[in-house]
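For the sequence shown, position 143 (counting from the first letter as 1) is numbered 142 according to numbering that gives the first Met the number 0, and the numbering increases by one without interruption.
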Amino acid sequence: MPRRFPRALVLLVVLASACGGGEPVKLAPRAEKLEVKPPPPAPTTVHLAIDGTSGKLGFDMEAPIERIRGKVPASALSGEVWLEPSDLAKSRGLVRVDLRDLELYQRTAPEAGREFGEEVKNDTQNEHARQWLEISPDTPAEELAKNTVIEFALTRITDASVTDLSKVTGPERTVTFTASGDFLLHQRKAEKSVKLEAVFRYDGDALREVHVKSVEPLTIGLDEYDVRPRTGFSKLAAKTLEQLSPKVAKEAAVSLEFVARPDGKATSSGTPTSGAPGPSMDPSPAGSTAAPATPSPPAAEPAPAAAAK
């Protein structure tokens, strides 16, 4: 007996290691929302709003016998950007995505190495995806509101092909760069980096819009964000993601595209943005038909109510 016990112990350790599939994936820290600190005040800073009519967010998950494509409608995208044209590295932004109208499409192959079939929308698979993300109909309203949100907070720009837009001419000025910041999914956040391309479109010297799109997809590990097989809210399924991995991919390659336009909101300096290189000294819009200013009334007479500031 004394000799057999150590051997049994070693066998148990080996079996436990084999079943564990290596080191466990570390979960990303919990978070409910992201916040971005605007750049330091500057007269050239432009505040842009993301257009909710033309954006795209999608992801691909590829496994040996199954390929999944997911997408959300353009209306699911929103957010804002604080653009510093003279020094793009100082720009900041926050992109939000609503997952409530998420749709998944599937292609399958009979076995690994065989040709994939036609892409179809599988209702059962879409139901499972909502269970994994905990946005299924049985999710409590408070948790549902948190879990349907994806956010990316832009806090750092590096490797920009152009850093000062005033050094580039023409109505379209293309810049590639690496955007880094926190990525929030399923109430967990982790720092990620993604390579993007931005096309800045100008009318003369005034910025009209910025078209941003992924150059390379952002890879998101499902385990890291606690996106795993479930049968309902907070009910883990019998099979783990590791056991399903020959069929289901454990990572999602996320791609993003959106248009942002100056919206006239005040920047961190308190100056309304217009898309122009510098602030306007005349608060009246071009072509205004407002009446010219009149002399102030005598001190003994009260000022008309319409002139009160």
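Glycine included, C-beta positions come from ideal geometry on N, C-alpha and C.
Short of 7 Å in beta carbon distance, which residues of its chain neighbour residue i, apart from the five on each side in sequence? Order them along the chain.
{"i": "L98", "result": "V71, L132, I134, T147 and I149"}
{"i": "E110", "result": "I64"}
{"i": "F115", "result": "R66, R106, T107 and A108"}
{"i": "Y224", "result": "A27, L184, H185 and R187"}
{"i": "G274", "result": "For G274, the predicted structure reports a pLDDT of 49, less than 50, and the residue's modelled location is therefore unreliable. A value from the coordinates is still provided. Contacts found: V45, A205, L206, R207 and P261."}
{"i": "A236", "result": "P228, R229 and T230"}
{"i": "G277", "result": "Any reading at G277 is ruled out, since the residue's pLDDT is 36, under 50, leaving its predicted position unreliable."}
{"i": "A252", "result": "F58, D59, P216 and T218"}
{"i": "R155", "result": "S179 and G180"}
{"i": "R29", "result": "Q186 and R187"}
{"i": "V214", "result": "T175, K194, L195 and E196"}
{"i": "D100", "result": "V71, P72 and A75"}
Can you tell me whether DSSP reads residue i as helix, strand or coil?
{"i": "L26", "result": "coil"}
{"i": "S192", "result": "strand"}
{"i": "S233", "result": "coil"}
{"i": "A41", "result": "coil"}
{"i": "K212", "result": "strand"}
{"i": "E241", "result": "helix"}
{"i": "S135", "result": "coil"}
{"i": "L33", "result": "coil"}
{"i": "S160", "result": "coil"}
{"i": "E223", "result": "helix"}
{"i": "D281", "result": "Because D281 carries a pLDDT of 36, less than 50, the predicted location of this residue cannot be relied on, and the following value inherits that uncertainty. Coil."}
Name the two residues that bound the continuous alpha helix (DSSP H) containing residue i.
{"i": "A128", "result": "D122 to L132"}
{"i": "A178", "result": "Element bounds for A178: not the alpha helix (DSSP H) but the beta strand (DSSP E), E171 to L184."}
{"i": "E61", "result": "It is not in any alpha helix (DSSP H) - E61 instead sits in the beta strand (DSSP E) that spans K55 to A62."}
Can you tell me which residues form a DSSP beta bridge with residue i?
{"i": "L47", "result": "V80 and P261"}
{"i": "G112", "result": "DSSP lists no partner for G112."}
{"i": "T107", "result": "E65"}
{"i": "A144", "result": "Answer is none; A144 lacks a bridge partner."}
{"i": "A205", "result": "D202"}
{"i": "S254", "result": "G57"}
{"i": "V119", "result": "Q105"}
{"i": "A197", "result": "V174 and V211"}
So residue i is in the beta strand (DSSP E); what residue range does that whole segment cover?
{"i": "L153", "result": "V148 to T157"}
{"i": "K70", "result": "E65 to V71"}
{"i": "G220", "result": "L217 to G220"}
Here's a check: name, in chain order, each residue in its chain whose Cβ is nearer than 8 Å to the Cβ of residue i, leaving out the five neighbours to either side.
{"i": "L338", "result": "Lying before the first or after the last residue shown, residue 338 is absent from the chain, which here runs from 0 to 308."}
{"i": "E117", "result": "R106"}
{"i": "K25", "result": "E223"}
{"i": "L153", "result": "V35, V80, S90, R91, G92, L93, V94, A178, S179 and G180"}
{"i": "E31", "result": "K145 and Q186"}
{"i": "K191", "result": "F151, S179, G180, D181, F182, L217 and I219"}
Within the same chain, show all residues whose beta-carbon is closer than 6 Å to that of residue i, passing over the 5 residues directly before and after it, in chain order.
{"i": "A248", "result": "M60, E61 and A62"}
{"i": "R200", "result": "E171, R207 and E208"}
{"i": "K264", "result": "H46"}
{"i": "H210", "result": "V198 and V258"}
{"i": "S74", "result": "G51"}
{"i": "E250", "result": "T218 and G220"}
{"i": "K55", "result": "E256"}
{"i": "R95", "result": "S77, G78 and E150"}
{"i": "V80", "result": "L47, G92 and A259"}
{"i": "T138", "result": "F232"}
{"i": "L33", "result": "E150, A152, D181 and L183"}
{"i": "V113", "result": "Residue identity check: residue 113 is Arg in the sequence provided, not Val. So no residue of the chain qualifies."}
{"i": "T239", "result": "none"}
Regarding residue i and the ligand NAP, is the C-beta to nearest heavy atom distance less than 8 Å?
{"i": "G69", "result": "You won't find the ligand NAP in this model; it holds no ligand whatsoever."}
Query raised in the report: At what residue ranges does the region 76-104 contain a whole run of the alpha helix (DSSP H), taking only runs of 4 or more?
Result: If only complete runs of 4 or more residues are kept, the region 76-104 shows no alpha helix (DSSP H) anywhere.
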